[in-house]
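Going line by line, the protein sequences match chains A and B.
If you're matching positions, the first sequence starts at 1326 in our numbering and goes up one per residue.
If you're matching positions, the second sequence starts at 6 in our numbering and goes up one per residue.
Report on the structure given below.
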Amino acid sequence: MVELKKLRFGSELIKRGFAKMQKGGVIMDVVDAKQARIAENAGAVAVMALERVPADIRKEGGVARMADPLKVKEIMRSVSIPVMAKCRIGHFAEAQVLESLGVDMVDESEVLTPADPFRHVDKKKFRVPFVCGARNLGEALRRIHEGAAMIRTKGEAGTGNVVEAVRHQRTMVSEIENLKKMNEKKLKKIAREYMVPVSLVKEVKKMQRLPVVNFAAGGIATPADASLMMQLGSDGVFVGSGIFKSSNPEKRAKAIVDAVAHFNDPKIIGKVSSGLGEAMKGLEIEKLDKKLQERGV
Amino acid sequence: MRIGVLAVQGDVSEHLSIVEKTLKEMKIKGNAVPVKKDLDVDVLIIPGGESTTISKIMKKTGLFDEIKKLDIPVMGTCAGCVLMDRKHLGLMNMGVKRNAFGRQKESFEADIKIKWFRKDYHGVFIRAPIITHVYGECRTLARFENRIVMAQEDNKIALSFHPELTNDTRIHRYFLSLIKNRRDHTNCTKFRTIF
């Protein structure tokens, strides 16, 4: 029989392992049970339970907070795949509530209004794993050092414009590549600059990738967008407003799942992109009043 | 020797790298290959991931029906275990219950005893399923708190945890020892004693 002292919950292995099971999958934003079921039927690996999708948060303004627990629970009851939910940057009390509700992962997200101007949530204290956004290697490593089990790009949420997610992914890849040429002294310097232990930087240099799963998020609206991000090295894709702000969410959700599964097969991307109906309208980054990605560095 | 890892969704690369490590340890000439549509492999591993997603995509590509007919050794971990049960691919005479321990916060690590294995194995259980019952030729290999977490039927193995998330290659070694017609088959019995 198993000795109880050997039983461990919420370890780094368990948290990072959970994120690894999401690889090659699509995580979809949903606001109610009906949308959650559409996402599950389309083949999503998980859903993100929200009160409003980012496009609406952007439009309506005001302070965006954690979703109503009632809503989160309703969504958790309606599907068998993992359910994630967002808390504000640094708002550990919201994270505690989400953990107690039993969500499978917490997204400490810049899409909500930040709650702490100094710090992010100390994620190592939690049993539930966290995903955090990052625009570059420094941000990613700070979040991982704080205990994030998964990283995602901080593409401009709610714009349907993939350019920022691409910028972040390309930046990350080239910064990891650059580590190859660095000697001990330079690695120490860059670790100081990133404000993380040099051992973490060395680990990334050796692995030539982040030590946790790295997803694309923000502005992904079409199957080709998803394929683009996967070909740039993302492990999977978050789709926010892109699905339920389009004219045919069911069909588009399935198409994006297929696009991620077969991301390097242009024939399949072409096939699933055909006759999808109107994509979400989309916004140009230059014309935005505020950029969400600048929150929480 | 081609060791296929079903590459539809899930922790494919973790299996590929532990297979490479196992091949080296067992001194078997072979490769770990991701399987998207071509099933030209000697054995198949179905990795962890979301079983609903993996089965939906496999059904669309036709892979689902092809795998059903396979008589090569197959190993399924976590989601792979779910997919091997009688309600899905029907590769083993067993029933499986998804997320049997609860949600992610109930995920855990624990040492378990496995039949044939001399020392305990460190099991990593993530939103893990359990094997509710086995029948016919299907046999239980390991239990955790009296629930079946590993079973074998002929050359098929299903487990509800993730050996690919550890560095312990014993389960992969055990699995590869099930390959019949291997030229160095005599070695298999030797390996059997060292798990």
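Ideal Cβ positions, reconstructed from N, Cα and C, are used throughout, including at glycine.
Under DSSP, the beta-bridge partners assigned to A:R1333 are B:E114. For B:L49, the pairing in a beta bridge is given by DSSP as B:G9, B:V79. From the beta-carbon of A:M1430, the residues of chain B found nearer than 9 Å are Q109. Using beta-carbon distances, A:V1526 does not count as an interface residue toward chain B, since no partner is under 8 Å. The three-state reading of DSSP puts A:Q1533 in coil, since its state is none of H, G, I, E or B. Looking at the backbone, the Cα of B:G81 and that of B:H20 are separated by about 11 Å.
Residues of the stretch 1444-1475 of chain A with a C-beta less than 8 Å from any C-beta of chain B: R1452, V1453, P1454, listed in chain order.
Scanning chain A for C-beta atoms nearer than 8 Å to the C-beta of B:L170 yields L1338, G1342, K1345, reported in chain order.
For B:H167, the chain A residues whose C-beta falls within less than 8 Å of its own C-beta are G1342, listed in chain order. Of the other Cβ atoms in all chains shown, 16 or more fall within 10 Å of the Cβ of A:V1397; this residue is therefore buried. For B:I33, no beta strand (DSSP E) segment is defined, and its DSSP state is neither H nor E.
For B:S22, the closest Cβ of chain A is not nearer than 8 Å.
Within the same chain, P1379, V1436, G1543, G1565, L1617 come within 6 Å of A:A1482 by CB-CB distance, once the 5 residues on both sides are set aside.
Taking 8 Å as the cut-off, the beta carbon of A:L1338 is found no closer than this to the beta carbon of B:V79. If only uninterrupted alpha helix (DSSP H) runs of at least 4 residues are considered, those enclosed by the stretch 1477-1541 of chain A are 1488-1504, 1509-1519, 1523-1532.
Looking only at A:D1583, A:V1622, A:S1598, the smallest Cα-Cα distance to B:K64 is reached by A:D1583. Contacts between A:L1332 and chain B, judged by CB atoms closer than 7 Å, involve F113, A115 in chain order. Beta-bridge annotation (DSSP): B:R152 is paired with B:F149.
Counting the other Cβ atoms within 10 Å of the Cβ of A:M1520 gives fewer than 16, which makes it exposed. In its chain, beyond the 5 residues on either side, Q14 have a beta carbon closer than 6 Å to the beta carbon of B:T58. Within the stretch 92-105 of chain B, contact with chain A at the beta-carbon level (separation under 8 Å) is assigned to R103, N104. Take B:L146, set aside five residues on each side of it, and the residues of its chain with a beta-carbon closer than 7 Å to its own are I119, K120, M155, A156, Q157, in chain order. Annotation: Cβ neighbours of A:E1365 in chain B (cutoff 7 Å, chain order): T57. For the pair of segments examined, the stretch 1371-1388 of chain A was found not to touch the stretch 41-53 of chain B: the number of CB pairs separated by less than 8 Å stays below three. By the neighbour-count criterion, in which a residue is buried when 16 or more other Cβ atoms sit within 10 angstroms of its Cβ, A:D1447 is exposed. For the pair B:Y126 and B:G141, the Cα-to-Cα distance works out to about 26 Å. A:Q1360 and A:I1400 have their C-alpha atoms spaced approximately 9 Å apart. With the rule of 3 Cβ pairs closer than 8 Å, the stretch 1536-1550 of chain A counts as touching the stretch 1342-1357 of chain A. Scanning chain A for C-beta atoms nearer than 8 Å to the C-beta of B:E19 yields K1345, reported in chain order.
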